[in-house]
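Let me begin by presenting the structure, written as structure tokens, before commenting on it.
Numbering (my numbering), first residue to last: 104 to 685.
In structure tokens, the structure reads:
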């Protein structure tokens, strides 16, 4: 049995020591239920990973744990395993998942019970130490406090012969990089290899987003049921991203670029084991549904671990008024004044009152819904009563006493709790990263012996402008005709990655889409800090907008609380684009 020390290697995880085939069967808690079976039966694999955790998921699991301390893990995974455990054992596939959430030991025990029930003997291990709630230094109301661990604990469990490894909060990419670390016997100082596996893990972590899901140019591919991705990882850290034969979707340089940009910031992509340099990533089509990733350089990781805190932020309520036909601004003004008067009469105004008017209406519409605009009222307060009957009662009482055509999209309720996410840094040496091996032995994992403070890289030189010699005729058109985008959330910040489909478009985009132009195109960002990162190898720009999402997805601060569609909004905006690009 392995002692879990870095570099030790008892046996390769897969049949081929030179290549490790790692698949993904879940990108979030609630992903396609049949994916685990599909991946196990669709083609050869050595390791199958499942990512179930997100910032919002941790809050959900925290509330589950409040009701029952034995809970706190993703129950869906167990139901998937009822069907898949025998298949995995039969095919020699190891399973690595972060479905343990806030209770990896509890899920590991449940997997053992399930294995006995279905008659499939498996060795189960888990990774502990990420849960820091008991430290009690986080202030009042914190439900969860979890450090993002690296892949070392996963590697130790696999080296010790585990068939199923359950973790709590590790980085999403660690599910893949930990397996690769175990298979190839990489040491902590093998930074380039580790960085390559982290990049491959980042591409896989969101499931079918790597195979055409949520892809800007979706019309070019069969997306009825896209297959889940897998990576063929080599000993030098390079990888080929692909999928099982005959599955839907597509793996192209475009789909992989989109996922590479998802929920990232600058050129330095920091993790607990290594900081991967995204500006060194090279991607190339390697055949149908095969994209090669290589050239990734790694640097020592930061000395601290990101730690996610979730807490209940208060209570919220929401009413959406439908304004149809003529005089939409006047109708909106009337209902706002009436609601304000009702709050004043009750002597209880919610602490936060936010109105937004979406002009979804158009003139002379042949369909009633197309003649209607939506006026959205969102209120928040620390006191549930302040957002309950005070709001819902006032809104309903206007039904026969307000603007013509008054109705709402749904009856207002009592108000619901909302959450807040906060990321803090904790010294890596203070986090007890522990691998609990199949025989119960507990092996402590030490943080990286070398670390490097995370600093922003200076932007590289821009390419030569497309119209360097002479001004080119332009046409007003949507940016999305020539560029793709992918956006997402990190706490209260949003990132918007934009990439060019051709070198000529890149030469124009890199100069034209400045921070100033970005703010002009997306006025919601005009008063917020915006940082632009240039990634020439990917022909991409990555914009990070701080504060766009308020206190994070659980706070539901805006219409699109996870910034999933900000990139598509940007692509829909019109710019003066050189005609030669169109």
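Just so you know, even glycine gets a beta-carbon here, dropped at the ideal spot from N, CA and C. Model, not experiment: these values are computed from the prediction.
- Within its own chain, the residues whose Cβ lies closer than 8 Å to the Cβ of residue 348, once the five positions on either side in sequence are excluded, are 145 and 146, listed in chain order.
- Under the three-pair Cβ rule at 8 Å, the segment 194-202 counts as touching the segment 257-276.
- Inclusion of residue 205 and residue 143 in the CB contact set at 8 Å is not warranted, their separation being larger than that value.
- The C-beta distance from residue 522 to residue 666 rounds to 17 Å, too long to meet the 8 Å contact threshold.
- Short of 7 Å from the beta carbon of residue 167, and not among the five residues preceding or following it, lie these beta carbons of its own chain, in chain order: 174 and 175.
- For the pair residue 526 and residue 410, the CB atoms are nearer than the 8 Å cut-off.
- In the three-state DSSP reduction, residue 324 falls in the coil class, being neither helix nor strand.
- Runs of the alpha helix (DSSP H) spanning 4 or more residues and lying entirely within the segment 227-300 occur at 255-262 and 277-287, in chain order.
- Inter-residue distance for residue 270 and residue 177 is about 11 Å (C-alpha atoms, whole angstroms).
- Cβ-Cβ separation between residue 408 and residue 375: approximately 6 Å, consistent with a contact (criterion under 8 Å).
- DSSP places residue 345 in no alpha helix (DSSP H) but in the uninterrupted beta strand (DSSP E) bounded by 342-346.
- In the displayed model, residue 517 falls within coil according to three-state DSSP, outside both helix and strand.
- In this structure, residue 258 lies away from residue 539, with their beta-carbon atoms at least 8 Å apart.
- Between residue 308 and residue 127 the beta-carbon gap is near 7 Å, inside 8 Å, which marks them as a contact.
- With contacts defined as CB atoms closer than 8 Å, residue 681 and residue 554 fail to qualify as a contacting pair.
- Minimum Cα-Cα distance from residue 317 among the listed residues 672, 668 and 678 corresponds to 668.
- With 16 or more neighbouring CB atoms inside 10 Å of its own CB, residue 550 falls in the buried class.
- Within the segment 378-403, no run of alpha helix (DSSP H) reaches 4 residues while sitting entirely inside it.
- Within the same chain, 474, 475 and 508 come within 6 Å of residue 427 by CB-CB distance, once the 5 residues on both sides are set aside.
- For the 8 Å CB-CB criterion, residue 414 and residue 548 do not form a contact.
- The beta carbon of residue 511 sits closer than 8 Å to those of 422, 423, 424, 425 and 498, all from its chain and outside the five residues before and after it, given in chain order.
- Residue state for residue 125 is assigned as strand, using DSSP reduced to three classes.
- DSSP, reduced to helix, strand and coil, places residue 480 within a strand of the structure shown.
- Assigned with DSSP and collapsed to three states, residue 305 falls in helix.
- When the Cα atoms are used, residue 574 and residue 610 turn out to be separated by approximately 14 Å.
- Beta-bridge partners assigned by DSSP to residue 593: 596.
- CA-CA distance, residue 448 to residue 491, rounds to 15 Å.
- Annotation: residue 199 is outside any alpha helix (DSSP H); the continuous beta strand (DSSP E) that includes it extends over 197-200.
- Less than 8 Å separates the beta-carbon of residue 314 from that of residue 353.
- Residue 229 and residue 319 have their C-alpha atoms roughly 38 Å apart.
- The Cβ atoms of residue 581 and residue 677 lie closer than 8 Å to each other.
- With contact defined as three or more Cβ pairs closer than 8 Å, the segment 320-331 and the segment 288-303 are not in contact.
- Burial check for residue 156: the Cβ neighbour count within 10 Å reaches 16 or more, so the residue is buried.
- When the beta-carbon positions are compared, residue 383 and residue 398 come within less than 8 Å of each other.
- In this chain, residue 676 is not harboured by any alpha helix (DSSP H), its DSSP state being neither H nor E.
- In this chain, the beta strand (DSSP E) harbouring residue 546 covers 545-547.
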